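Be aware that the sequence shown starts at 1, since it is given in UniProt numbering, and climbs by one per residue. From the three backbone atoms N, C-alpha and C, an ideal C-beta is built for every residue, glycine too. Predicted, not measured: the structure shown is a model, and the values here were computed from it. Notes to accompany the following structure.
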Amino acid sequence: MTVSSDDGGESDRLAPVIPLFGGGARPVRQPAEAPVRSRDETPRSAIRENDESRDGRAERDASQRWHTTWTRDSARGPGGGGSSDAPVALHPAATRERDRDASTAGDDDVRGRAERMLLRKLRTRSLSIREARAALRDADVDGDVAEQIIEAFEQNGYLDDARLAEQLLDGALGRKAQGATAIAQTLARRGLDRDVIDIAMASLPDDEAERAGEFARQRARGMSGLDRDVALRRLHGQLARRGFSGPVALDAARRALDEASD
């Protein structure tokens, strides 16, 4: 109801409306905008949580960048699940490095076995360089590795063709009583180079006739019961097989038989 001044009221004024059932629409409140705070106004706990979150993301990013050569995610599946014992997928560069290291270790192991094998043979008798190379070849040692071993053994004095030639000469001139031809054949059979053989033969003393005569006298003592021609033929053959030349061997056999018959 409206009361006007004409009706005696004081002023035009609307009476308050009172809801009968306590309902009615409530005014919609607009959400207040959150005030923008500076870092100084932000609570310390919120700053610390933001910093820790940022640091955690940085660590995860750095971890992902660091492990560039391997990943377990591919082994666990797209969701990252699966067993932690799943095999690691290597980066191609890491695979090549691993294979190269394994190959180097394998080569070192092969070389070690080859060196020990060669040392065992050298404890039994001296070897020429050619004989040592043949032994390594028979053991299926790679050519490059074999040459490295040969070079190392030469530098350490385990292989020395010149010294081997001297040893063979001493044996030929001593207990074996061999002539020049047999000595040269022995040196060649042991794989010595032609230059080494020539130097060794040049050092032979000029006493082949004396050595042939000494050998013939020792053998003639056991032929006293044989016919002379038979004994001469046998003794001459023995001297020839010892490497004494034809004329030297024949002359030594005759002299030894003559001395044995007196």
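DSSP state of Val196 mapped onto helix, strand, coil: Val196: helix per DSSP, three-state reduction.
Leu119 burial status per 10 Å Cβ neighbour count (16 or more: buried): Exposed, because fewer than 16 other Cβ atoms sit within 10 Å of the Cβ of Leu119.
Three CB pairs or more closer than 8 angstroms across the region 189-206 and the region 215-230: Contact between the region 189-206 and the region 215-230 is absent, with fewer than three C-beta pairs closer than 8 angstroms.
For Val145, the three-state DSSP class (helix, strand or coil): Helix at Val145.
Neighbourhood of residue 273 by C-beta distance below 8 angstroms, restricted to the same chain and skipping five residues each side: The chain is shown only over 1 to 262; residue 273 falls outside these bounds and no answer can be derived.
For Arg111 and Ile149, the rounded distance between their alpha carbons: If you take the alpha carbons of Ile149 and Arg111, they lie about 8 angstroms apart.
7 angstroms Cβ cutoff met for Leu250 and His236: For the pair Leu250 and His236, the CB atoms are nearer than the 7 angstroms cut-off.
For Ala253 and Ala216, believed in contact at Cβ under 8 angstroms, the rounded distance: Rounded, the Cβ-Cβ distance is 5 angstroms, consistent with contact.
Unbroken alpha helix (DSSP H) run spanning Phe215, endpoints: First-last of the alpha helix (DSSP H) with Phe215: Glu208 to Ala220.
Exposed unless 16 or more other CB atoms sit within 10 angstroms - verdict on Ser203: Answer is exposed; the Cβ neighbour count stays below 16.
For Gln178, the three-state DSSP class (helix, strand or coil): Coil.
Outcome for Asp140 when other beta-carbon atoms lying within 10 angstroms are tallied against a minimum of 16: That one is exposed.
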